[in-house]
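Visitor:
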Amino acid sequence: MSLTEAIFMGIIQGLTEFLPVSSSGHLAIFKNIFQVNTDTGILFDVMLHLGTLIAVCVVYYQDIARLIVEGIRLLADAFVNVGIFFKNLGAREPVPYRRIICNSYRKFALLVIVSTIPTAIIGYVAQDLIEMVSQILLVPGIFLIVTAILLFLSDRVENGRKTPKNVSFTNAFVVGICQGIATMPGLSRSGTTIAACVFSGFDRKFAVKYSFIMSIPAILGAAVLQLKDIGSVEVTASEAGYYVVGMLLAALVGYVCIKTLLVIVRKKKFTYFAIYCLFLGALSIGGHFILV
1 MSLTEAIFMG IIQGLTEFLP VSSSGHLAIF KNIFQVNTDT GILFDVMLHL GTLIAVCVVY
61 YQDIARLIVE GIRLLADAFV NVGIFFKNLG AREPVPYRRI ICNSYRKFAL LVIVSTIPTA
121 IIGYVAQDLI EMVSQILLVP GIFLIVTAIL LFLSDRVENG RKTPKNVSFT NAFVVGICQG
181 IATMPGLSRS GTTIAACVFS GFDRKFAVKY SFIMSIPAIL GAAVLQLKDI GSVEVTASEA
241 GYYVVGMLLA ALVGYVCIKT LLVIVRKKKF TYFAIYCLFL GALSIGGHFI LV
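Going by my numbering, the first residue of the sequence shown is number 1, and it counts up by one from there.
#1: Take Gly186 and list the residues in its own chain whose beta-carbon comes closer than 6 angstroms to its own, dropping the five residues that flank it on each side.
#2: What residue range does the alpha helix (DSSP H) around Val95 cover?
#3: Quick one: residues in its chain with C-beta nearer than 8 angstroms to the C-beta of Ile181, no 5 flanking neighbours on either side, listed in chain order?
#4: Ignoring anything shorter than 4 residues, give me the alpha helix (DSSP H) runs that lie fully in the stretch 88 to 160, in order along the chain.
#5: Within 10 angstroms of its Cβ, does Leu19 collect 16 or more other Cβ (buried), or is it exposed?
#6: What are the partner residues of Lys162, as DSSP defines its beta bridges?
#7: If we call anything under 8 angstroms between Cβ atoms a contact, is Ala250 one with Gln13?
#8: So Val95 packs on Asn103, CB below 8 angstroms; how close in whole Å?
#9: By the 10 Å Cβ neighbour count, where 16 or more other Cβ atoms means buried, how is Thr40 classified, buried or exposed?
#10: At what residues does the alpha helix (DSSP H) containing Ala6 begin and finish?
#11: Could you have a look at Tyr60 and say whether DSSP puts it in helix, strand or coil?
#12: Short check: CB of Ile213 to CB of Tyr60, under 8 angstroms?
#13: Looking at the structure shown, is Val236 part of a helix, part of a strand, or coil, going by DSSP?
#14: Of all the options Lys259, Leu3 and Thr16, which has the alpha carbon lying nearest to the alpha carbon of Leu280?
#15: Using the Cα positions of Phe83 and Tyr276, report the straight-line distance between them to the nearest angstrom.
#16: I want to see whether chain B comes within less than 8 angstroms of Ala222, judged by CB atoms only; does it?
#17: Are the CB atoms of Ala148 and Leu283 within a distance shorter than 8 angstroms?
#18: Taking buried to mean at least 16 other C-beta atoms within 10 Å of its own C-beta, is Ala65 buried or exposed?
#19: Does Met293 come out as helix, strand or coil in the three-state DSSP assignment?
#20: As a quick exercise: from Ile100, Cys257 and Ala120, pick the residue whose alpha carbon is nearest that of Ser215.
#21: In whole angstroms, give me the CA-to-CA distance for Val157 and Val208.
#22: Between Ile264 and Gly90, what straight-line distance do the alpha-carbon atoms span, to the nearest angstrom?
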């Protein structure tokens, strides 16, 4: 892989990870059309996703810091309650339990954990399938059309009002399933999860925040899965430099796109992206049959 290819792929990742047009679909199409070979499986893709993870952390650093603190406190209170349970078994006067969910950030943290469970299961089970179908232009083409339909419908849903306080754990689990399925190339992760949140009645601004923050454990999980094969991957010094350039570009462009998407969702402008995904999907499907 050349430096130019790494630059282009970094820009594509940054643009398409947060804009609802499928980063995996664009990368798969780019690789197929230009015959890009990274020689390291999905390692470069994971590094590009880590770049966009940096963008999420920069935009939402205050929320993420608070979620980490409250998540740790939540776990601490849960362990204390386990101790209280055993202590109460032989006590004459039971000791009251600590309240686990005592503020919106604790609820938010728990919702993200619930969403991550189905995402992790689907992502682990389907990882070989995802890598295989990414090499076929037909698959991202079909799923880009599915993305277009989801975006078109989400613009026509009435504004919801659910914030962490009102979101159910069932809502979170369903959104997590959608995120797991959205690992398929061509199915936009941000578009799919934001649409799922909107369909579930989330406040649109919170839907964007929830979609991006819940992506953090998913991206880290994908990176961990890739690390198990790192010993068998040979990366030259120049390739490593290209990978870092691609990752940093993905982070920079991704930061701008997050800010842009916040405005797009509030103003219900997904229809333009739906048209784009429909066009690109049809083009990809046509390209598949031409190249076969």
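We put the beta carbon where it would ideally sit given N, CA and C, even for glycine.
Fair warning: this is a prediction, and the values are worked out from it, not measured in the lab.
Guide: Reading from the atomic positions:
#1: Within the sequence shown, residue 186 is the residue found at index 186, counting from 1. So the list reads Ser22, Gly25, Pro140, Phe143 and Leu144, once near-sequence residues are dropped.
#2: On the sequence shown, residue 95 is found 95 positions in, with the first residue counted as 1. Counting along the chain, Val95 falls outside any alpha helix (DSSP H), and DSSP gives it neither H nor E.
#3: Stepping through the sequence shown from its first residue, residue 181 is reached at position 181. Cβ within range, chain order: Ile122, Leu187 and Thr192.
#4: Qualifying alpha helix (DSSP H) stretches, in chain order: 104 to 125, 127 to 133 and 138 to 154.
#5: Reading the sequence shown from its first residue, position 19 is the one you call residue 19. Label assigned to Leu19: buried.
#6: Translated into positions along the sequence shown, residue 162 becomes position 162. Partner residues in the beta bridge of Lys162, as assigned by DSSP, are Phe202.
#7: What you label residue 250 is simply residue 250 of the sequence shown in a count that begins at 1. What you label residue 13 is simply residue 13 of the sequence shown in a count that begins at 1. Less than 8 angstroms separates the beta-carbon of Ala250 from that of Gln13.
#8: Here the question's residue 95 lines up with position 95 in the sequence shown. Here the question's residue 103 lines up with position 103 in the sequence shown. That pair is no contact at about 22 angstroms.
#9: Here residue 40 refers to the residue found at position 40 when the sequence shown is read from its first residue. Because Thr40 carries a pLDDT of 47, less than 50, the predicted location of this residue cannot be relied on, and the following value inherits that uncertainty. Under this definition Thr40 is a buried residue.
#10: Numbered from its first residue, the sequence shown carries residue 6 at position 6. Element bounds for Ala6: Leu3 to Phe18.
#11: Residue 60 sits at position 60 when you count from the first residue of the sequence shown. Of the three classes helix, strand and coil, the one that applies to Tyr60 here is coil, per DSSP.
#12: Numbered from 1 along the sequence shown, position 213 holds the residue referred to as residue 213. Numbered from 1 along the sequence shown, position 60 holds the residue referred to as residue 60. With respect to Tyr60, Ile213 sits close: the two C-beta atoms are nearer than 8 angstroms.
#13: Here residue 236 refers to the residue found at position 236 of the sequence shown. Rather than Val, the amino acid found at residue 236 in this sequence is Thr. Coil at Thr236, not helix or strand.
#14: Along the sequence shown, one-based indexing puts residue 280 at 280. Of the candidates Lys259, Leu3 and Thr16, the one whose C-alpha sits nearest the C-alpha of Leu280 is Thr16.
#15: On the sequence shown, residue 83 is found 83 positions in, with the first residue counted as 1. On the sequence shown, residue 276 is found 276 positions in, with the first residue counted as 1. Per the sequence shown, the amino acid found at residue 83 is Gly instead of Phe. For the pair Gly83 and Tyr276, the Cα-to-Cα distance works out to about 56 angstroms.
#16: The chain labelled as chain B is not found in the depicted structure, where only one protein chain is given.
#17: Taking the sequence shown and counting its residues from 1, one reaches residue 283 at position 283. Taking the sequence shown and counting its residues from 1, one reaches residue 148 at position 148. Taking a C-beta distance under 8 angstroms as the contact criterion, Leu283 and Ala148 do not qualify as a contact pair.
#18: The residue labelled residue 65 in the question sits at position 65 within the sequence shown. With fewer than 16 other beta carbons inside 10 angstroms of its own, Ala65 counts as exposed.
#19: The first residue shown for the chain is 1 and the last is 292, placing residue 293 beyond what the model contains.
#20: Position 215 of the sequence shown, counting from 1, holds the residue named residue 215. Ranking the options by Cα distance to Ser215, first place goes to Ala120.
#21: Here the question's residue 157 lines up with position 157 in the sequence shown. Here the question's residue 208 lines up with position 208 in the sequence shown. A straight-line Cα-Cα distance of about 15 angstroms links Val157 and Val208.
#22: One-based indexing of the sequence shown puts residue 264 at position 264. One-based indexing of the sequence shown puts residue 90 at position 90. Distance from the CA of Ile264 to the CA of Gly90, rounded to the nearest whole angstrom, comes to 58 angstroms.
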